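In the numbering used here, each residue's number is its place in the sequence shown (first place is 1) plus 21. Scroll down for the structure; my scribbles are underneath it.
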Amino acid sequence: MKAKLLLAVGGLLLMVAGGVALFIYSGVYHVGATKPHSPLAHSILRMAMERSVRHHAKRIEVPHDVDLRDRGYATQFYGHYSAACVTCHSAPGVKADPWMVNYPASPNLTDPAVVNRWSDAELFWIAKHGIKDTAMIALGPTHKDKDIWGVTAIVRQLPGMSPAEYAAMGERFKAMKNAKSGNGQSSEGAAASEAATQPTQEQLEASRLQLEASRLQLEASRKQLEAAGAAQPQSPSPAPQQTPAKDGHDHDH
């Protein structure tokens with residue numbers, strides 16, 4: 022009796038698995054971003070994503086020298102957020118670009134309900150690793166952890182930030198950037214900037230060759246003009262005009 026039950030259950034599972042495989046292989050399922058998953062599929066995928074993030078982020082700790090609530094600290098990384106995140110995730114006073122249509126829809130990071138459901142470590146993990154098949158990019162391959170923590174600080178602070186405060190953060194970031202590229206840069210940075218403006222040996226050689234080519238071209242043009250002048254027939258000299266004598270008569274007999 023037990024063996025028959027096991028066989029029946031096994032057969033049923035095989036039938037279900039076969040049906041699922043056939044359904045997937047048929048291509049009937051719509052994978053476009055314009056058609057959402059069914060509520061069941063969406064719930065399953067959402068639960069899998071949340072459980073995965075929490076599992077992998079549980080051993081992550083915020084560095085001791087990082088204060089995610091410090092506005093000044095977050096301002097240093099405004100450029101990262103404005104370049105990589107605001108297009109999809111908005112900012113106070115800045116809407117996401119309307120052409121960014123994806124599924125699942127990118128969460129609005131100015132919404133406290135969206136941000137506060139995640140711990141600091143979980144926000145960092147999502148920013149670093151991204152989320153598969155959601156258009157959520159991973160910053161890890163292109164950014165250092167210290168920069169990702171800075172982006173995490175901005176995300177943590179966005180829900181409590183007004184449009185005016187976000188705009189002021191952008192202005193402070195620009196001022197900091199200008200100070201670093203101007204008088205505020207280090208001696209190493211100044212030396213690097215000066216070195217960058219000095220022509221290389223290859224550039225000097227290229228300039229010398231250009232000047233030499235220009236000189237040869239001018240010399241060839243000069244010779245052509247001289248040759249053209251020599252080839253033209255010379256006009257006969259005009260006859261000397263006779264000067265009448267003082268008595269008014271021409272004495273040339």
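Note that beta-carbon positions come from the ideal geometry of N, C-alpha and C, so glycine has one too. These numbers were taken from a predicted model, which means no experiment stands behind them.
In this structure, how does DSSP classify residue i when only helix, strand and coil are distinguished?
i      : result
ALA117 : coil
MET197 : helix
ILE65  : helix
ALA29  : helix
PHE98  : coil
ARG80  : coil
THR163 : coil
SER59  : coil
MET182 : coil
TRP139 : coil
ALA174 : helix
ALA134 : helix
ASP168 : helix
LEU34  : helix
Do you know whose CA, among the options, lies nearest residue i's CA?
i      : options                           : result
ARG72  : GLY181, PRO162, ALA185 and ILE147 : ILE147
VAL136 : VAL37, SER111 and TYR187          : SER111
SER127 : ARG80, SER140, VAL87 and CYS106   : CYS106
HIS164 : TRP120, GLY100, THR155 and GLY203 : GLY100
ALA78  : PRO60, LEU66, GLU186 and LYS149   : LYS149
ILE169 : PRO119, THR108 and GLY151         : GLY151
HIS63  : ASP154, LEU33, PHE145 and ALA189  : ASP154
Below 8 Å CB to CB, which residues in the same chain sit around residue i once its five sequence neighbours on both sides are set aside?
i      : result
GLN97  : GLY171, PHE194 and MET197
ALA276 : Any question about residue 276 goes unanswered here, given that the chain covers just 22 to 274.
TYR50  : PHE44
THR108 : ALA117, ASP118 and MET121
GLY181 : PRO133
Please work out which residues of its chain come closer than 7 Å, Cβ to Cβ, to residue i, disregarding the five sequence neighbours upstream and downstream, and give them in chain order.
i     : result
ALA54 : VAL122, ASN123 and TYR124
MET70 : ILE152
May I ask you to list the residues that DSSP assigns as paired with residue i?
i      : result
ILE152 : MET157
ALA112 : VAL115
Ignore the nearest five residues each way along the sequence and tell me which others in residue i's own chain have a CB closer than 6 Å to its CB.
i      : result
GLY39  : none
GLU143 : VAL74 and ALA78
MET157 : GLY151
VAL37  : none
MET190 : THR96 and TYR99
Below 8 Å on the Cβ atoms is my contact criterion, and I expect residue i with residue j to pass it. Report the Cβ-Cβ distance as a whole number of Å.
i      : j      : result
PRO57  : GLY114 : So it is not a contact: roughly 29 Å between Cβ atoms.
LEU179 : LEU130 : 5 Å
ASP141 : VAL83  : 5 Å
ILE81  : PHE145 : 6 Å
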